[in-house]
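Numbering (mature numbering (1 follows the signal peptide of the UniProt record, and there is no 0)), first residue to last: -26 to -1, 1 to 624.
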């Protein structure tokens, strides 16, 4: 009986030393009962109190729960694939040997970036041959250029001489023309020739008139004779009349001949010649001859043969230069054409640099330095550009009516559960496949960070419509997996309380909330897993403004600041009492041990036989804690408190 009383006394002392917990509430005005308490690995999560500075430092972000329309989509599964033109096998364009490799698997490359250097005997021979032809062509070109320069110099010289002769001829022509003009003026002023010329002109007019009359009579006589002759031949006219007509014709012809040689005309012509014999006319004729000679000299100077030959020589030299230049260009044609066919460049040693045909990542490298490639087309490496990728999936025949090219899609992969990627349908299959009755669909997705990898399995959602009414929804990043349960942390001041939530449909980065949250609740959308990890640490750990975590009794003195542990706050006034109570409890325990070791003088009772020193073990080791529930949230108590309640039979 004494043993039982002592045990009850010790339990009463321990109970009086324990402070009442101060429970942090995640939200006010709402009832989250039963939705915010859960167990994980023997420990229960509850409210985690974090000050504003720590919230900012840890990057915890909160967002208000709100009603909003959600996309309606057609969900299916598929696979991530590389775009057909964004996966390239880089090959050696000819038989060669690998001299240098400039990239490794995983290296990022840009289009045109050097990847490898190879050496080829074929290119080396082509280059040597091209260099020989180039040297010959350069020599021929230099020779042609020298000849061209000589021809140009000769032409300049001949033009200089010709220009001097032309100037001299022009001077002489000018002088001769001036002399002719003076002589002509003198002759015109002398009048003798003028009178003779006028008389000659008059006599010529008279003679012309007489000649015209005579010619007319000849024509008439000829016509009459022809007519009479015809009639005689027909027997219609006497021959005598025809002979008379013939006589008239002959007389008319004689008169015409006489008119052409009239004495007056002959005399006038003689007078003109006589007038021209005089001195002024002789000088005029001489000056006229001088003008003609000067003109001829000028013409010869302008068309000097030496100049023409020099011009022809220059043209030949220019043609030779063009031919030599063409031969020089052709000397390396075979070599350059081969390089163009290869799509590569070569240095002075004939080494070929292989460049990246596209930008991307080196997925694999299939050769090593020194390796020989016996045939053209030997694979060097593979480059994949996953900045844009394909997501391929199958759509059932019955759903084709709501699927169109250009339609928006969302993609999720298992490795990134809280992140979605958007793209658009680019291709819909043209036929339904066999018994499965599905049609393949491809969507192109932007993947600048390279998070999506070819070969990944993916969940695709083809966005076909939106809900007709707004639904309560939160970002999927707010959902924390707490040992199989889905919870959301709700903020109330510096406290973050875990709340169990029932979810509905998920579309993109949003998930519908059925129960557990209300519009306006501030939920953690980033770093919720850190809050969950903190809640699992138990009741003896706290997070201060500096982000330091301390265990009780670790030697740190926090003064009057209340000790925080998993949402429980010990009042400052109770700390001294707690220390005294612990001392009393220790003394009582010592007395109990002494009592156990003393001889049994009839003090034992039936309880002594079944005692197992339960009070010496931590309550948390043999008692499973139960949550403490208020009217707003279900908040778990610490293992120590629950152990004491169990030992009291509560």
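Just so you know, even glycine gets a beta-carbon here, dropped at the ideal spot from N, CA and C.
Since the structure is predicted, the reported quantities are computational estimates derived from the model, not experimental observations.
Review point. How many Å lie between residue 128 and residue 284 at the Cα?
Key: Distance between the alpha carbons of residue 128 and residue 284 is about 6 Å.
Review point. How long is the line joining the alpha carbons of residue 481 and residue 331, rounded to whole angstroms?
Key: C-alpha of residue 481 to C-alpha of residue 331: approximately 39 Å in a straight line.
Review point. Thinking C-alpha only, which one of 370, 393, 428, 274 is nearest residue 406?
Key: When only C-alpha atoms are compared, the closest one is 370.
Check your understanding: Helix, strand or coil: which one does DSSP assign to residue 414?
Key -> DSSP places residue 414 within a strand segment (E or B) once states are collapsed to three.
Point to revise | Rounded straight-line distance, which links the Cα of residue 191 to that of residue 227 | key: Our two residues, residue 227 and residue 191, have alpha carbons roughly 8 Å apart in a direct line.
Review point. Does any C-beta atom of chain D lie closer than 8 Å to the C-beta of residue 431?
Key: Protein chains in the displayed structure number just one, and chain D is not present.
Practice item. Look up residue 365 in the DSSP assignment and say whether it is helix, strand or coil. Key: Three-state result, residue 365: strand.
Check your understanding: According to the neighbour-count rule (16 or more other Cβ atoms, all chains shown, within 10 Å of its Cβ), is residue 488 buried or exposed?
Key -> Using a 10 angstroms sphere on the CB of residue 488, the tally of other CB atoms stays under 16, which defines it as exposed.
Review point. Closest to residue 355 by CA distance: which of 441, 77, 501, 450 is it?
Key: Closest by alpha carbon: 77.
Practice item. Put residue 492 into one of helix, strand or coil per three-state DSSP. Key: In the structure shown, residue 492 sits in coil (DSSP, three-state: anything other than H, G, I, E or B).
**Study point:** Selected residue, minimal CA-CA separation from residue 92, among 176, 80, 325
**Key:** That would be 325, whose Cα lies nearest to the Cα of residue 92.
Check your understanding: What whole-angstrom Cβ distance do residue 125 and residue 288 have, given they're in contact under 8 Å?
Key -> Distance from residue 125 to residue 288 at the Cβ level is roughly 4 Å; contact confirmed, criterion being Cβ atoms closer than 8 Å.
Check your understanding: Can you list, in chain order, the residues of its chain whose CB lies under 6 Å from that of residue 151, leaving out five sequence neighbours each side?
Key -> Excluding sequence neighbours, residue 151 sits near 265.
Practice item. Look at the alpha carbon of residue 211 and the alpha carbon of residue 219, and state the distance between them as a whole number of angstroms. Key: Rounded to whole angstroms, residue 211 to residue 219 spans 12 Å at the Cα level.
**Study point:** Bridge partners - residue 466, DSSP secondary structure assignment
**Key:** Among the bridge pairs identified by DSSP, residue 466 is matched with 469.
Point to revise | Rounded Cβ spacing between residue 47 and residue 363 (contact assumed at less than 8 Å) | key: Their Cβ separation, rounded to whole angstroms, is 20 Å, which puts residue 47 and residue 363 out of contact at 8 Å.
Exercise for review: Can you tell me which of the three DSSP states residue 346 falls into?
Suggested key: Correct three-state label for residue 346: strand.
Practice item. Let me know if residue 261 comes out buried or exposed under the rule of 16 or more other beta-carbons within 10 Å of its beta-carbon. Key: Buried is the call here.
Practice item. Would you mind reading off the limits of the alpha helix (DSSP H) that contains residue 502? Key: 502 to 509 is the span of the alpha helix (DSSP H), which, as asked, contains residue 502.
Check your understanding: Anyone know if the C-beta pair for residue 34 and residue 501 falls short of 8 Å?
Key -> Yes; because the gap between Cβ atoms is below 8 Å, this pair is in contact.
Check your understanding: Buried or exposed: residue 343, going by 16 or more other Cβ atoms within 10 Å of its Cβ?
Key -> The residue is exposed, with fewer than 16 neighbouring Cβ atoms inside 10 Å.
**Study point:** Endpoints, the beta strand (DSSP E) within which residue 338 is located
**Key:** Segment 334 to 339, the beta strand (DSSP E) holding residue 338.
Review point. My guess is that residue 54 and residue 365 are in contact by the Cβ rule of under 8 Å, so how many angstroms apart are they, rounded?
Key: Contact holds; Cβ gap of about 6 Å.
Check your understanding: residue 111 by DSSP, collapsed to three states: which one?
Key -> Here residue 111 sits in helix by DSSP.
Review point. Which of helix, strand or coil does DSSP assign to residue 331?
Key: Residue 331 falls in the coil class under three-state DSSP.
Check your understanding: Starting from residue 218 and walking both ways along the alpha helix (DSSP H), at which residues does that stretch end?
Key -> Start and end: 213 to 234.
Exercise for review: Could you tell me which residues DSSP pairs with residue 498 in its beta bridges?
Suggested key: DSSP lists 36 as partners of residue 498.
Practice item. Sort 503, 486, 499, 178 by Cα distance to residue 42 and report the nearest one. Key: Taking the Cα of residue 42 as reference, the smallest distance to any Cα among 503, 486, 499, 178 is reached at 486.
Review point. Who are the Cβ neighbours of residue 193 in its own chain at under 6 Å, not counting the five residues just before and after it?
Key: Leaving aside the five residues that flank residue 193 on each side, none in its chain has a CB nearer than 6 Å to its CB.
Exercise for review: Pull up the DSSP beta-bridge partners for residue 370, would you.
Suggested key: Beta-bridge pairing links residue 370 to 412.
Review point. Can you give the beta carbon distance from residue 65 to residue 360, rounded, assuming they're within the 8 Å contact cut?
Key: The Cβ separation is near 21 Å, so there is no contact.
Check your understanding: Three or more beta-carbon pairs under 8 Å between the stretch 438 to 457 and the stretch 469 to 480, yes or no?
Key -> The stretch 438 to 457 vs the stretch 469 to 480: in contact.
**Study point:** Nearest-angstrom Cα separation, counted from residue 353 out to residue 441
**Key:** Separation of residue 441 and residue 353 (C-alpha to C-alpha, rounded to the nearest whole angstrom) is 53 Å.
Check your understanding: How is residue 179 classed by DSSP in three states: helix, strand or coil?
Key -> For residue 179, the three-state secondary structure derived from DSSP is helix.
Exercise for review: Reducing DSSP to helix, strand and coil, say where residue 61 ends up.
Suggested key: Reduced to three states, the DSSP call for residue 61 is strand.
Review point. With contact counted as at least three CB pairs below 8 Å, one residue from each stretch, are the stretch 373 to 381 and the stretch 102 to 117 in contact?
Key: No contact exists between the stretch 373 to 381 and the stretch 102 to 117.
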